[in-house]
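So for the sequence shown, our numbering puts the first residue at 3; every next one is plus one. Working notes, beginning with the structure itself.
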Amino acid sequence: MHNVHTRKERKLILLNRLNQPIGPTEDVVTELSSFLGTLARNATLCPFDIFDWRSMDTKKDLWDYTKEKYIIPEAAKDWALVTIREAWRRHRRDLKINYYDPYDNDEIRMAKKPGHIPECPYRELLKYWKSEKFKKMSETNTKNRKKLMNPHTAGKKSFALIRSKLEKENESVSAKELFVVTRTRKPDRLYKASNENTTSKIAGMEEIEKQMSTNGQPVDAFSAVMGPEHPRRLRLYGVGVTKTTLKKKVDNSEQTLNATNDVVQQMQERMQKMEKQMEEQRRTMRQEVIADVVAQLQRAGLIDPNILAAMFVPSPREATSAQTAEQGDDIEGDESSTEDLT
Numbered sequence: 003m004h005n006v007h008t009r010k011e012r013k014l015i016l017l018n019r020l021n022q023p024i025g026p027t028e029d030v031v032t033e034l035s036s037f038l039g040t041l042a043r044n045a046t047l048c049p050f051d052i053f054d055w056r057s058m059d060t061k062k063d064l065w066d067y068t069k070e071k072y073i074i075p076e077a078a079k080d081w082a083l084v085t086i087r088e089a090w091r092r093h094r095r096d097l098k099i100n101y102y103d104p105y106d107n108d109e110i111r112m113a114k115k116p117g118h119i120p121e122c123p124y125r126e127l128l129k130y131w132k133s134e135k136f137k138k139m140s141e142t143n144t145k146n147r148k149k150l151m152n153p154h155t156a157g158k159k160s161f162a163l164i165r166s167k168l169e170k171e172n173e174s175v176s177a178k179e180l181f182v183v184t185r186t187r188k189p190d191r192l193y194k195a196s197n198e199n200t201t202s203k204i205a206g207m208e209e210i211e212k213q214m215s216t217n218g219q220p221v222d223a224f225s226a227v228m229g230p231e232h233p234r235r236l237r238l239y240g241v242g243v244t245k246t247t248l249k250k251k252v253d254n255s256e257q258t259l260n261a262t263n264d265v266v267q268q269m270q271e272r273m274q275k276m277e278k279q280m281e282e283q284r285r286t287m288r289q290e291v292i293a294d295v296v297a298q299l300q301r302a303g304l305i306d307p308n309i310l311a312a313m314f315v316p317s318p319r320e321a322t323s324a325q326t327a328e329q330g331d332d333i334e335g336d337e338s339s340t341e342d343l344t
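The following block contains the structure:
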């Protein structure tokens, strides 16, 4: 990541409709996530003597520095800060496991202190880890982690990238499809835990889908097996997406679509009106030009009366257009339309 911090040019970041990075390439998105991880481990941008992310007063600095290194839309700010927060929590957890738990006293812990952490903030962090408040919170978190089942196998690749790739192949991607893709294990890799529970759940989803295709009733196989969504973070969407943000995006998309349709309809009506006006202007100009030419020829005595009469006979195209316009006017003003007769 040193090259990212030292380079002068900024790389462009593209977002999906949920304001998550998905391009221009997977490598750039992965690099961005790793870069944000380095910010979470930075003692200046994320001081180690602040123990609650909500109290972190450097969020603006974190975002400003990110924009110095990437051309990233303002809409991605929430995603970026949540990504940094998650990396910050993981780093604190790893520090405790590797530099606190193995040792019996703070003297040894200070001697083993990682080089990137200043001494004074680290002493405060050690005190916090020994506090009753932290111990209770740690016990709760440990219990909750043990309840987590069906870990994903996506590695560093974000769910937003995976979903984007699937949507390029199929317009609509179900939760079940995404669950299967993100839980598929590599055959040449060893895993600590069994995936029997995951395999069983996938089989249950497939059975429900079979019943759905037989009965013709739409069913969310994923929710039927895995249960309802949690109050905050949505499953299978990745960082930064909640029920609230997803609903806002859907509502905004519908409003945008409706507004776009209205604008298109208005533009079509205006174009039709302009075409009609232009046709009338062209007809008037032709008549004026002909009248002017005829007047000049008459004054010069160079025109035969028979030719003069023929010039004022409308062409078949003009006659048809005029007849159509008259019929349109009659229909528009006729109160007894065909709609009333059906």
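Idealized CB from N, CA, C, for every residue including glycine.
Three-way DSSP call (helix, strand, coil) for residue i in this model
i      : result
Gly25  : strand
Ala235 : According to the sequence provided, residue 235 is Arg. The question's Ala does not apply to it. Arg235 falls in the strand class under three-state DSSP.
Lys170 : helix
Leu16  : strand
Ile1   : With the chain covering only 3 through 344, there is no way to say anything about residue 1.
Thr244 : strand
Cys122 : helix
Asn260 : Because the pLDDT of Asn260 is 47, which lies under 50, any placement of that residue in the model is unreliable, and the question is left without a value.
Ala177 : helix
Met214 : helix
Lys188 : coil
Thr46  : coil
His7   : helix
Leu150 : coil
Asn143 : helix
Tyr130 : helix
Asn107 : coil
Lys115 : coil
Lys278 : helix
Ala195 : coil
Asp294 : helix
Val183 : helix
Thr155 : coil
Val221 : coil
Ser35  : helix
Gly206 : helix
Opposing strand residues paired with residue i [DSSP bridges]
i     : result
Leu41 : Its beta-bridge partners do not exist; DSSP assigns none.
Proximal residues to residue i (C-beta, below 7 Å), its chain only, five neighbours per side dropped
i      : result
Gly240 : Gln22, Ser160, Phe161, Ala162
Glu33  : Val6
Val221 : Ile210, Met214
Lys138 : none
Thr85  : Ser35, Leu38, Val241
Same chain only: Cβ atoms within 8 Å of residue i, ignoring 5 sequence neighbours per side
i      : result
Met276 : none
Val243 : Leu20, Gln22, Arg235, Leu236
Arg288 : none
Lys188 : Thr155
Phe50  : Ile119, Pro120, Pro123, Tyr124, Glu126, Leu127
Thr258 : With a pLDDT of 42 at Thr258, under the threshold of 50, the modelled position of that residue is not reliable, and no figure is offered here.
Lys115 : Tyr101, Glu121, Tyr124
Close beta carbons around residue i, own chain, < 6 Å, minus the five adjacent residues each side
i      : result
Glu211 : Ala223
**OP:** Count the C-beta pairs between the segment 120 to 139 and the segment 58 to 77 that are closer than 8 Å, then say yes if the count reaches three, no if not.
**Re:** no
Subject >> Any 3 or more C-beta pairs closer than 8 Å across the segment 32 to 43 and the segment 195 to 205 >> reply: no
**OP:** Mind listing, in chain order, the continuous alpha helix (DSSP H) runs of no fewer than 4 residues lying wholly within the segment 50 to 99?
**Re:** 61 to 71, 79 to 97
Subject >> At least three beta-carbon pairs within less than 8 Å, the segment 144 to 151 to the segment 176 to 185 >> reply: no
Original post:
Pairing CB atoms from the segment 73 to 85 with CB atoms from the segment 124 to 135, are three or more of them under 8 Å?
Top reply: no
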